[in-house]
Amino acid sequence: MLVVVALGGNAFSRPGEPVSQEGHMRNVATAAQVVARIVKEGHRAVVTHGNGPQVGYFAELQKGREAFGLDALNAVTQGLLGYLIAQAIDKLLGAGMTAALVTRVEVDCRDPSAATPTKPIGPLYPEEAARELEARFGWRFAADPRGGWRRVVPSPTPVKVVEVDAIRRLVDAGFVVVAAGGGGVPICGGAGVEGVVDKDLTSSLLAVELGADLFMVLTDVDGIYLNYRRPGQRRLGVVAADELERYMSEGHFPPGSMGPKVRAVVDFVKRTGKRAAVGALEEGYEVFKGLRGTQVVP
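Pasting the structure below:
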């Protein structure tokens, strides 16, 4: 079985934690254990990951000078986080078993996302601090479901993963591949695009292109909820893709949080007829087995 495992940004940095290499390495160890256990059972794995906190951190260091665009910072975080994931998995499977690949993704040059930024990056800010940064640098902010405010940037829709053939060859050669980090570096007409592609949408696309048997998203919640943090909150267990799509059309899943994850798993299931899942990182193996999380089926 070929499994594409999409790790959320919480795999590296938990909300409120200071940004540090030590903290990232400690957090990614949990994800590595999930992947290694799956591989030891004889399955193949491709690991993708978010980069919202990290790309926002590097962008913030520039304090509005924009010495490097978001496309370049996406590449920076792919190298950094890919290295940490490879180190952690190799520690469990053996040196040289994991290959981390800086990945580009083609996007539509006419994508309207530039006018309506929705992708959150960077840390949580109090509203007053967010408004000050908005006025000083022209950044856009949106309220975060967890409380506070986060910077939002354009998030064009991925059309094709440029390195998909290289990823396939590495997987066929027996490597665990870390790819499409942060949704990949967005490319339009051969040039980088100022934005951050949603990693779940790129991961779903990659899973389809690779012919994966299972696509699973591991994040900081234990499944997909209706009425999340509102009266009548209910976690979905096993749910059909059509039913989940209907809930999405009813507005249950905000675009800056669970929305892209739901869209990603629905797209995968409807295009392949295979299973997808969303669950907590700490329960990743049980999510893989279909015992925990939200299991999305045809």
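For what it's worth, UniProt numbering labels the leading residue of the sequence shown as 1, then goes sequentially.
Just so you know, even glycine gets a beta-carbon here, dropped at the ideal spot from N, CA and C.
All of these numbers come straight from a predicted model, not from anything done at the bench.
Given residue i as reference, the closest of the options once Cα atoms are compared
| i | options | result |
| --- | --- | --- |
| Met248 | Gly284, Val262, Val278 | Val262 |
| Val239 | Phe12, Gly293, Glu194 | Gly293 |
| Asn51 | Ile121, Pro18, Arg26, Pro186 | Ile121 |
| Val5 | Leu201, Leu236, Gly138 | Leu201 |
| Arg169 | Leu101, Thr272, Arg235, Trp149 | Leu101 |
| Gly190 | Pro112, Leu80, Val105 | Val105 |
| Gly82 | Val19, Leu93, Lys91, Thr98 | Thr98 |
| Ala212 | Leu236, Lys199, Ile167 | Ile167 |
| Glu245 | Arg235, Gln233, Gly232, Gly259 | Gly259 |
| Phe268 | Asn227, Gly251, Leu210, Gly284 | Leu210 |
| Phe288 | Tyr57, Arg110, Ala36 | Ala36 |
| Ser203 | His252, Trp149, Ala276 | Ala276 |
| Ala45 | Arg136, Ala173, Lys91 | Ala173 |
| Lys91 | Arg26, Pro18, Arg110 | Arg26 |
| Gly42 | Ala264, Pro18, Leu93 | Leu93 |
| Gly69 | Pro18, Leu133, Ala59 | Ala59 |
| Ser113 | Asp198, Pro126, Val265, Phe175 | Asp198 |
| Tyr228 | Arg146, Ala264, Ala67 | Arg146 |
| Tyr57 | Leu73, Ala67, Val34 | Leu73 |
| Gly290 | Gly237, Glu134, Val265 | Gly237 |
| Val266 | Gly251, Glu243, Glu286, His252 | Glu243 |
| Gly79 | Gln62, Gly23, His49, Leu61 | His49 |
| Gln62 | Arg136, Arg234, Arg235 | Arg136 |
| Ala142 | Phe253, Ala264, Ser257 | Ser257 |
| Glu286 | Pro18, Gly23, Val34, Glu17 | Val34 |
Residue i and residue j closer than 9 Å at C-beta
| i | j | result |
| --- | --- | --- |
| Arg131 | Arg140 | no |
| Lys274 | Leu214 | yes |
| Val296 | Ala207 | no |
| Val159 | Leu205 | yes |
| Val185 | Ala75 | yes |
| Leu7 | Val39 | no |
| residue 301 | Val55 | Residue coverage of the chain in this structure runs from 1 to 298, which leaves residue 301 outside it and unanswerable. |
| Thr157 | Pro255 | no |
| Met216 | Gly148 | no |
| Thr116 | Ala180 | no |
| Ser13 | Pro53 | yes |
Supposed contact pair residue j and residue i - C-beta distance, whole angstroms, cut 8 Å
| i | j | result |
| --- | --- | --- |
| Val196 | Ile85 | Contact doesn't hold; Cβ gap of about 19 Å is too wide. |
| residue 303 | Glu194 | Because the chain is modelled from 1 through 298, residue 303 falls outside the range shown and cannot be assessed. |
| Ala32 | Leu218 | About 12 Å separates the two Cβ atoms, so there is no contact after all. |
| Leu2 | Val164 | The pair is not a contact, with the Cβ atoms about 13 Å apart (cut-off 8 Å). |
| Ala88 | Val28 | 5 Å |
| Asp111 | Leu124 | Wrong, their Cβ atoms sit about 27 Å apart, outside the cutoff. |
Residue(s) in a DSSP beta bridge with residue i
| i | result |
| --- | --- |
| Asp295 | Looking at the sequence itself, residue 295 is Gln, so the reference to Asp does not match. According to DSSP, Gln295 bridges with Val238, Ala277. |
| Tyr225 | Arg235 |
| Thr48 | Ala6 |
| Cys188 | Ala191 |
| Trp149 | Tyr125, Ala143 |
| Leu214 | Val3, Arg275 |
| Arg104 | Val185 |
| Val176 | Thr98 |
| Thr219 | Ala280 |
| Lys160 | Glu106 |
| Lys119 | Val153 |
Min CB distance residue i to chain B below 9 Å
| i | result |
| --- | --- |
| Val266 | Among the chains in the structure shown there is no chain B, since it carries only a single protein chain. |
Exercise. Would you say the stretch 278 to 287 touches the stretch 222 to 234, given that touching needs at least three Cβ pairs under 8 Å?
Worked result: The stretch 278 to 287, when compared against the stretch 222 to 234, does touch it at the 8 Å Cβ threshold.
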